[in-house]
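Novice: Per the working numbering: the sequence shown = residues 9 to 212.
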Amino acid sequence: MKFLKQVIDYTKEAGQAAKYIGQGLSVTFDHMSRRPVTVQYPYEKLIPSERFRGRIHFEFDKCISCEVCVRVCPINLPVVDWEFDRETKKKKLNHYSIDFGVCIFCGNCVEYCPTNCLSMTEEYELSTYDRHELNYDNVALGRLPYKVTQDPMVTPIRELGYLPKGVVSGHDLPAGSRGAGKLPEEILAQMESDAPKEEAKAAE
Ligand code: SF4
Ligand code: SF4
Numbered sequence: 009m010k011f012l013k014q015v016i017d018y019t020k021e022a023g024q025a026a027k028y029i030g031q032g033l034s035v036t037f038d039h040m041s042r043r044p045v046t047v048q049y050p051y052e053k054l055i056p057s058e059r060f061r062g063r064i065h066f067e068f069d070k071c072i073s074c075e076v077c078v079r080v081c082p083i084n085l086p087v088v089d090w091e092f093d094r095e096t097k098k099k100k101l102n103h104y105s106i107d108f109g110v111c112i113f114c115g116n117c118v119e120y121c122p123t124n125c126l127s128m129t130e131e132y133e134l135s136t137y138d139r140h141e142l143n144y145d146n147v148a149l150g151r152l153p154y155k156v157t158q159d160p161m162v163t164p165i166r167e168l169g170y171l172p173k174g175v176v177s178g179h180d181l182p183a184g185s186r187g188a189g190k191l192p193e194e195i196l197a198q199m200e201s202d203a204p205k206e207e208a209k210a211a212e
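So this is what it looks like as C-alpha cells:
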C-alpha cells in the first residue's frame, strides 16, 4: 500500500510540474508573437504624461517678488533676490534661481505662485557632470522647454497609459489611433447629456 501511495503522489506531482511548465511556456510563446517594447533611447523617447513634473519654467516679467514660492517650498529652495524701488514704491526683482540638484519637483511653488509665472515642463534630461550646473538662474529657467515631439532627431513614443486598448507597445501605431478611455471633453459631453435624465430621476 505504501508503494502504491508513493506512485500516486509521484504522478500527482509530475502532473502539477507539467502544468506549471506549460503555464510558464505559454507566457514565453505569447511574447514570441509580440513586438519588442524597448524604447531605443536616445533615438526614441517616451512622450511624458500630461501632468509630468519636469524642469520648472520661470517668467521673469510676471514675478512680483512676493516669495510665496519660497514659503510653500518644503526646503525654502527658490532664491528671490529683490530690492525695494523707492521711485515706483514696488519690489524690483534682480535675480531668481532654483537649484534642481536639491529640488524634489513637488510642484508646490508652481501651485501657489499668485501670478502663474512658474510652470512645470516635460523636460527631464537634466544630467550634468558638475552638480553646480543644476543651479538654474532666471535666464536658464526662462528657456523654453525641450519637447520630445518637436525634435526631428527623435522618434516620440507614446507611454503605456496613452495607448489604445489591448496595445502594449507604442511602436508602429496606426495614424490617428487614440488611447483607451474617454477624453475630458467627451466625459463633459456625456455628463451634460445625462444631466436631464438625472434631474428627471430626482424629481420622481
Ligand atoms: S510666488 Fe511667483 S510671483 Fe511670487 S516670488 Fe515666487 S515666482 Fe515670483
Ligand atoms: S518644486 Fe517643490 S522643492 Fe522644487 S522649488 Fe518648487 S516647491 Fe521647492
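Every residue gets a Cβ at the ideal spot worked out from N, C-alpha and C, and that includes glycine. Quick caveat, the model's predicted, so the values are computed rather than measured.
Run through DSSP, which three-state label would residue 155 get?
Specialist: The answer is coil: DSSP assigns residue 155 none of H, G, I, E or B.
Novice: Just how far apart, CA to CA, sit residue 53 and residue 164?
Specialist: One C-alpha to the other measures close to 5 Å.
Novice: Starting from the C-beta of residue 110, find all residues in its chain whose C-beta is less than 7 Å away, skip the five residues before and the five after it, and write them out in chain order.
Specialist: Excluding residues within five positions, the ones whose Cβ falls inside 7 Å are 83 and 85.
Novice: In the DSSP assignment, find the unbroken beta strand (DSSP E) run with residue 134 in it and report its ends.
Specialist: Premise fails: residue 134 is in no beta strand (DSSP E) and is neither H nor E.
Novice: Does ligand 2 have a heavy atom nearer than 7 Å to the CB of residue 109?
Specialist: No; taking the cut-off as 7 Å, the Cβ of residue 109 has no heavy atom of ligand 2 nearer than that.
Novice: Buried or exposed, going by whether 16 or more other CB atoms sit within 10 Å of the CB of residue 178?
Specialist: Classification for residue 178: buried.
Novice: Sort 113, 121 and 117 by Cα distance to residue 134 and report the nearest one.
Specialist: It is 113 whose Cα lies nearest to the Cα of residue 134.
Novice: When you compare the CB positions of residue 181 and residue 65, do they come within less than 8 Å of one another, or not?
Specialist: Not closer than 8 Å, so no.
Novice: Hey, would you say the C-beta of residue 153 is under 7 Å away from at least one heavy atom of ligand 2?
Specialist: It does not: the Cβ of residue 153 is nowhere closer than 7 Å to a heavy atom of ligand 2.
Novice: Let me check one thing: in DSSP terms, what residues is residue 113 bridge-paired to?
Specialist: Answer is none; residue 113 lacks a bridge partner.
Novice: When DSSP builds the beta bridges, which residues end up paired with residue 104?
Specialist: Partner(s): 88.
Novice: Taking DSSP as the reference, what is the three-state secondary structure of residue 36?
Specialist: Note: residue 36 maps to helix in three-state DSSP.
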